Every structure is written in C-alpha cells, then in structure tokens.
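*Asks:* Provided herewith is a single structure, encoded as structure tokens, for subsequent inquiry.
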Amino acid sequence: MNLKLRAPRESRQQAHCPSPTPLLRRSFLQSSAKAAAAAILPATLLGQKPGGPDGHDKYYSVTTNERLMREHGIVTRGLLMYGEMIRRIDARQDFPLETAHNVVQIIRKYFEDYHQKLEDDYILPLFHAYYRRQDVLRLYAQKLLDLVIVLEEQHKAGRRLTDRILATLRSLKTQEDRRRLARDLQASIRMYSPHIVREDTVLYPALHIITAPEEFAALGDKFDEIERKTFGTDGFDMYLDLVTGYEKHLGVYDMAQFTAK
Numbered sequence: 019m020n021l022k023l024r025a026p027r028e029s030r031q032q033a034h035c036p037s038p039t040p041l042l043r044r045s046f047l048q049s050s051a052k053a054a055a056a057a058i059l060p061a062t063l064l065g066q067k068p069g070g071p072d073g074h075d076k077y078y079s080v081t082t083n084e085r086l087m088r089e090h091g092i093v094t095r096g097l098l099m100y101g102e103m104i105r106r107i108d109a110r111q112d113f114p115l116e117t118a119h120n121v122v123q124i125i126r127k128y129f130e131d132y133h134q135k136l137e138d139d140y141i142l143p144l145f146h147a148y149y150r151r152q153d154v155l156r157l158y159a160q161k162l163l164d165l166v167i168v169l170e171e172q173h174k175a176g177r178r179l180t181d182r183i184l185a186t187l188r189s190l191k192t193q194e195d196r197r198r199l200a201r202d203l204q205a206s207i208r209m210y211s212p213h214i215v216r217e218d219t220v221l222y223p224a225l226h227i228i229t230a231p232e233e234f235a236a237l238g239d240k241f242d243e244i245e246r247k248t249f250g251t252d253g254f255d256m257y258l259d260l261v262t263g264y265e266k267h268l269g270v271y272d273m274a275q276f277t278a279k
C-alpha cells in the first residue's frame with residue numbers, strides 16, 4: 019500500500035502551532051527528567067533505553083490495539099475542539115479560523131486518510147473473512163459483521179462531513195454559514211464518538227479471537243512500517259504535539275477547567 023499522506027502544512031508554521039521540532043523537544047524533556055531522577059534514585063531503578071540497532075523499536079514498541087486506541091485519543095481531542103468551536107458559535111463568539119481549519123485537517127489527514135485507511139485495508143477485511151469461515155460461532159460472526167458494515171458506511175459518511183466542514187470554513191461569512199458549520203461539527207461528534215468507543219470495546223478486542231497471536235503481532239509491525247513511511251517519523255508523537263498546540267490556542271488545554279463543581 020502506498021499512502022501519500024503528509025503532515026499538515028501548518029505543522030511547519032510557528033505562529034499558530036507547536037514547535038516544528040517536536041521530537042527533539044520531547045527528547046530534551048525526557049533527558050531532563052531522567053537526569054533529575056538520577057539524582058535521587060538508584061541506577062537500577064532507572065529504565066534504560068535498550069542499545070543497539072533495535073533499541074529504538076523495543077523502547078517504543080506498542081501492541082496493535084494500543085496503537086489503534088491511542089490514535090483514537092488524538093481524534094477524540096480533535097472532537098473536543100469541535101465542541102469548543104460549536105460553543106463559540108452558539109455564544110456568537112469569534113474563534114481563530116486558521117486553528118479551526120488545522121483541527122479539521124487532523125481529522126482528515128490523521129484519522130480519515132491514515133487511521134481509517136489502515137482499518138479499511140487491514141482490520142475490517144479480517145472480519146469479513148472470519149464471517150466466511152465454517153468453524154466459527156455463526157451468531158458471533160454475524161454480530162461482528164453487522165458492526166463492520168456500519169463502521170464502513172460511517173467512514174464514507176465522515177469524509178463527506180469533513181468535506182463540507184472544510185468548504186464552509188473556506189467561505190465562512192454569514193451567521194447562516196456559522197450555523198451550518200456548527201451543525202456539521204455536531205454531526206461529526208455525534209457519529210464519531212460512538213464509532214470510536216464501539217471499536218475500542220468490541221472490534222479491537224475481537225482481533226484476539228479472530229486472528230492467531232502471530233498474525234495479531236504482525237499487524238502491529240505492519241502498521242509501524244506504514245506509519246514511518248507515511249510521516250517519516252512517529253506519527254502519533256507528531257500529531258500529539260500538534261493537537262496540544264491547537265488546544266492551547268483554543269483555550270481548552272488546561273484540564274482543571276473541566277473539573278465538575
């Protein structure tokens with residue numbers, strides 16, 4: 019598979035986004051924290067990054083399901099920013115259009131073009147194949163297939179929604195434009211929120227049932243290969259830095275503000 023997805027153009031801008039060298043900054047922070055810990059902890063308690071040519075892969079190794087679910091975490095944070103845009107529209111408040119566009123591009127490039135394409139190409143076909151097998155519990159296989167069919171349709175519907183949102187942002191002028199934008203943002207939240215949690219709690223756990231252990235592990239290796247070919251680096255780290263910067267620009271990064279009173 020040859021994915022041509024690249025990081026958003028805004029990731030190279032400094033005025034409205036995080037540092038263009040997120041991994042260098044992350045390495046510096048990790049090194050600083052490690053040095054501070056060394057002053058008070060015995061060396062045997064400090065986790066050492068494995069050496070050798072395979073050290074990086076071992077240090078950053080994640081399971082197939084962990085990889086998929088943490089990608090969902092990035093998307094969920096994008097949907098939270100959708101909610102903030104809706105709140106401002108309802109309150110007749112302005113919001114930074116460039117940041118709004120960048121947030122939608124996370125949904126398009128990271129979720130739809132990358133994450134969902136992995137599902138469409140590698141995950142969902144496994145469930146179709148499982149249903150065709152003769153040695154399975156038929157009701158269970160049917161339940162999984164019914165879910166997969168809905169998920170596939172929602173992948174298509176989500177792209178249509180994102181197309182409309184991007185088009186509206188490019189020509190946002192009137193109050194009716196803002197209301198139309200809010201409706202499509204809300205429709206995305208309404209569809210993608212249950213979509214994500216159903217995959218996390220039903221689809222991904224079922225991978226352990228429908229695949230052999232070595233096949234499950236091979237999926238993770240394949241996804242890591244595609245991720246590095248697509249983004250040239252760890253795509254999760256890159257988009258985590260982007261989403262954090264956009265949250266700060268929209269004023270929704272501070273977790274304390276969401277604490278119930």
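Throughout the sequence shown, residue numbering follows this note's numbering, covering 19 to 279 in sequence.
C-beta atoms are modelled at their ideal positions from N, C-alpha and C, and glycine is treated no differently.
Remember, it's a predicted structure, so these values are computed and weren't measured experimentally.
1. When the Cβ atoms of the stretch 168-181 are set against those of the stretch 121-135, are three or more pairs found closer than 8 Å?
2. With distances taken from CA atoms, which of Val166, Ala200, Ile167 and Val121 is nearest Asp108?
3. Can you tell me the Cα-Cα spacing of Ala56 and Asp272, whole angstroms?
4. Residues in its own chain within less than 8 Å of Gln160 by CB, not counting five upstream and five downstream?
5. When you compare only the Cα positions, how much space is there between Thr248 and His173?
6. Considering only their Cβ atoms, is the gap separating Leu203 from Met103 smaller than 8 Å?
7. Select from Pro143, Asp153, Leu258 and Gly263 the residue whose C-alpha is nearest the C-alpha of Asp164.
8. For Glu171 and Gly96, I'd like the C-alpha separation in whole angstroms.
9. Once you ignore the five residues that flank His91 on each side, which residues in its own chain have a CB closer than 6 Å to its CB?
10. Nearest CA to the CA of Val80: which residue from Asp112, Leu237 and Met99?
11. For Leu190, which residues in the same chain have their Cβ closer than 7 Å to its Cβ, ignoring the five residues on either side in sequence?
12. For Glu217 versus Leu169, is the C-beta distance shorter than 8 Å?
13. What does the alpha-carbon distance come out to for the pair Arg246 and Ala147?
14. Between Tyr140 and Gly176, which are expected to be in contact by the criterion C-beta below 8 Å, what is the C-beta distance as a whole number of angstroms?
15. What is the rounded straight-line gap between the Cα of Ile58 and the Cα of Asp259?
16. Within a Cβ cutoff of 6 Å, which residues of the same chain sit near His133, ignoring the five residues on either side of it in sequence?
17. State the Cα-Cα distance for the pair His226 and Leu162, rounded to the nearest angstrom.
18. Would you call Pro110 buried or exposed, if buried means 16 or more other Cβ atoms sit within 10 Å of its Cβ?
19. Taking the beta carbon of Gln188 as the centre, do at least 16 other beta carbons fall within 10 Å, making it buried, or is it exposed?
*Replies:* Looking at the atomic coordinates:
1. Below 8 Å, enough C-beta pairs join the stretch 168-181 and the stretch 121-135 to call them touching: three or more.
2. Start at 1 with the first residue of the sequence shown, and residue 108 comes out as number 90. For Asp108, the closest C-alpha among the options Val166, Ala200, Ile167 and Val121 is that of Ala200.
3. Position 38 of the sequence shown, counted from the first residue, corresponds to residue 56. Position 254 of the sequence shown, counted from the first residue, corresponds to residue 272. Low per-residue confidence applies at Ala56: pLDDT is 40, beneath 50, and the placement is therefore not dependable enough to give any value.
4. Residue 160 sits at position 142 when you count from the first residue of the sequence shown. Apart from the 5 residues on each side of it in sequence, Gln160 sits with its Cβ closer than 8 Å to the Cβ of Tyr149 in its chain, given in chain order.
5. Here residue 248 refers to the residue found at position 230 of the sequence shown. Here residue 173 refers to the residue found at position 155 of the sequence shown. The straight-line gap from Cα to Cα measures roughly 20 Å.
6. As a working note, residue 103 is residue 85 in the sequence shown. As a working note, residue 203 is residue 185 in the sequence shown. Closer than 8 Å, so yes.
7. Indexing the sequence shown from 1 puts residue 164 at position 146. It is Pro143.
8. Translated into positions along the sequence shown, residue 171 becomes position 153. Translated into positions along the sequence shown, residue 96 becomes position 78. When rounded, the separation of the alpha-carbon atoms in Glu171 and Gly96 is 21 Å.
9. Indexing the sequence shown from 1 puts residue 91 at position 73. Per the sequence shown, residue 91 should be read as Gly rather than His. Excluding the 5 residues flanking it on each side, Gly91 has no same chain C-beta neighbour closer than 6 Å.
10. As a first step, residue 80 must be located in the sequence shown, where it is residue number 62. Among Asp112, Leu237 and Met99, the Cα nearest to that of Val80 belongs to Leu237.
11. Reading the sequence shown from its first residue, position 172 is the one you call residue 190. Answer for Leu190: Leu115, Arg196 and Leu199, listed in chain order.
12. Here residue 217 is taken as the residue at index 199 of the sequence shown, counted from 1. Here residue 169 is taken as the residue at index 151 of the sequence shown, counted from 1. Yes, Cβ-Cβ distance for Glu217 and Leu169 is below 8 Å.
13. Position 228 of the sequence shown, counted from the first residue, corresponds to residue 246. Position 129 of the sequence shown, counted from the first residue, corresponds to residue 147. Arg246 and Ala147 have their C-alpha atoms roughly 28 Å apart.
14. Numbered from its first residue, the sequence shown carries residue 140 at position 122. Numbered from its first residue, the sequence shown carries residue 176 at position 158. 18 Å between Cβ atoms; not a contact.
15. The sequence position of residue 58 within the sequence shown is 40, counting from 1. The sequence position of residue 259 within the sequence shown is 241, counting from 1. Low per-residue confidence applies at Ile58: pLDDT is 37, beneath 50, and the placement is therefore not dependable, though the value from the model is reported in the following sentence. One C-alpha to the other measures close to 29 Å.
16. Locating residue 133 in the sequence shown gives position 115, counting from the first residue. The residues are Glu89.
17. As a first step, residue 226 must be located in the sequence shown, where it is residue number 208. As a first step, residue 162 must be located in the sequence shown, where it is residue number 144. Those two C-alpha atoms are separated by around 13 Å.
18. Taking the sequence shown and counting its residues from 1, the one referred to as residue 110 is at position 92. This sequence places Arg at residue 110; Pro is not what is there. Classification of Arg110: exposed, given that the 10 Å Cβ count is below 16.
19. Position 170 of the sequence shown holds residue 188. Per the sequence shown, the amino acid found at residue 188 is Arg instead of Gln. Of the residues assessed, Arg188 falls on the exposed side of the cut-off, its CB having fewer than 16 other CB atoms within 10 angstroms.
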